[in-house]
Amino acid sequence: MLEKTAYLLVYHGSRDPRPQQEMAWLGAAVQDKLAARSMRVRQNSERTAVLTKPPKPLVYTAALELAPLSLEETIAQLAPQLEADGINHLQIIPLFLLPGVHVREDIPAAVANAKLMVGEAVAMTISPYLGESPLLGQKLEASFSDDRKPSAKIIISHGSRRSGGNATIEALGKQLGVNTAYWSVSPTLSETVKVLIEKGESNIEIIPYFLFPGGITDAIAQQVQSLESEFPTVEFKLGNPLSSRLSLTDLIINEITL
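Mapped onto the numbering used here, the consecutive letters of the sequence shown carry residue numbers -5 to 252.
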């Protein structure tokens, strides 16, 4: 049987409305880009112009937490609709930056429960989480500000108290030649900034390693304002979260095989 695939982009979920709004836009952007790529593939394979557009690939979004439905309930609701549309495969793409409990345990458990609920009509596979993409580091580095005025750079991530939980960020920091800091554990942003100032740095760029704006990125912005007051001779630059900094659409498309 020819495999026909739909795509489910899974993000963490938030009480803040901004991530949900960004996800709606992102889902539509991924769908449009997949449709354009699918048409190019058809044109190349048939060596003729396609006179009628093929139907757009189906792209859905779902929150893992803080949503009216659990992830397994969302998938269970989708399954009959997919089957009716002739879709026999659902590719689930975790939009997470770190390989924590959500990626390793919660999403696989939800998908396993959904399979029990809906049976075998729609096969389900889980793609690697977004933070594992080899393109992410490249795109992040390309987004750094032009160093006509050299600056020390800090990537600030949420952070984990689990043993080895921050290894991915530390590796990314080494790959990009930047400093690392964490919102919830040491070294914090303030601690890292003070170390850099003691080394003589007077220009510091801070890059929030979060997909979307939200409560934490707002709190980071407030902390940067406090640091500016505390260190008036230091020039701070606070960057945007990743959704405004680089193309998440391209990263997601890279995880998808038509």
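For every residue, glycine included, the Cβ atom is placed at its ideal position computed from N, Cα and C. Remember, it's a predicted structure, so these values are computed and weren't measured experimentally.
| request: For the region 54 to 70 and the region 104 to 112, state whether three or more C-beta atom pairs, one from each stretch, are separated by less than 8 Å. | output: yes
| For M118 and T186, the rounded distance between their alpha carbons | Distance between the alpha carbons of T186 and M118: 43 Å.
| request: Have a look at D100 and A136 and give me their C-alpha separation to the nearest angstrom. | output: 32 Å
| task | Spatial neighbours of Q169 within its chain, please: CB distance less than 7 Å, with the 5 preceding and 5 following residues excluded, ordered by chain position. | result | Here Q169 has G131 as same chain residues with Cβ atoms under 7 Å from its own Cβ, once five neighbours each way along the sequence are excluded.
| query | Which one or two residues does DSSP pair with E199 in a beta bridge? | reply | K147, K231
| query | How would you write the range of the alpha helix (DSSP H) that N82 sits in, first residue to last? | reply | That residue, N82, is in no alpha helix (DSSP H); it is neither H nor E in DSSP.
| field | Closest by C-alpha distance to R9, when choosing among D212, V228, G208, L221 | value | G208
| query | In terms of residues, what are the limits of the beta strand (DSSP E) holding T119? | reply | 117 to 120
| request: For E249, count neighbouring Cβ atoms within 10 angstroms of its own Cβ and tell me buried if that reaches 16, exposed if not. | output: buried
| request: Could you say which of A115, V97, E59 lies nearest to S121 if we only look at CA atoms? | output: V97
| request: Return the chain-ordered list of same chain residues with a C-beta closer than 8 Å to the C-beta of E222, the five sequence neighbours on each side being excluded. | output: V228, F230
| request: Could you check which residue in L28, E199, S145, A57 has the C-alpha nearest to that of Q15? | output: A57
| Three or more C-beta pairs closer than 8 Å, one from the region 80 to 98 and one from the region 193 to 200: is that the case here? | no
| Ordered along the chain, which non-local residues of its own chain (more than five positions away) have a Cβ less than 8 Å from that of S127? | L245, N248, E249
| request: Following the continuous beta strand (DSSP E) through V4, name the residue where it begins and the one where it ends. | output: -1 to 5
| Distance between L166 and I150 (C-alpha atoms, nearest Å) | 11 Å
| task | Run the CB neighbour count on A43, radius 10 Å, all protein chains shown included, and call it buried at 16 or more, exposed below. | result | At A43, the pLDDT of 49 sits below 50, so the modelled position is not reliable; the number obtained from the coordinates is stated separately. With fewer than 16 other Cβ atoms within 10 Å, it is exposed.
| task | If I'm right that L205 touches L240 with Cβ under 8 Å, what's the distance once you round it to whole angstroms? | result | That pair is no contact at about 11 Å.
| Which residue or residues does DSSP assign as beta-bridge partners of Y123? | Partner(s): none; Y123 has no beta bridge.
| task | Reducing DSSP to helix, strand and coil, say where P273 ends up. | result | Past the boundaries of the shown model lies residue 273; the chain is included only from -5 to 252, so the question cannot be answered.
| query | When we look at the beta-carbon of P88 and count the other beta-carbons within 10 Å, is it buried (16 or more) or exposed? | reply | buried
| message | I need the straight-line Cα distance from Q75 to T211, nearest angstrom please. | response | Here the C-alpha atom of Q75 lies approximately 37 Å from the C-alpha atom of T211.
| Is P13 buried or exposed, if buried means 16 or more other CB atoms sit within 10 Å of its CB? | buried
| message | Taking only three categories from DSSP, how would you classify P160? | response | For clarity, residue 160 is Asn in the given sequence; the question names Pro instead. Coil.
| L134: buried (16+ other C-beta within 10 angstroms of its C-beta) or exposed? | buried
| message | DSSP has A57 in a bridge; who is on the other side? | response | Y5
| message | Are the CB atoms of G7 and A70 within a distance shorter than 8 Å? | response | Taking a C-beta distance under 8 Å as the contact criterion, A70 and G7 do not qualify as a contact pair.
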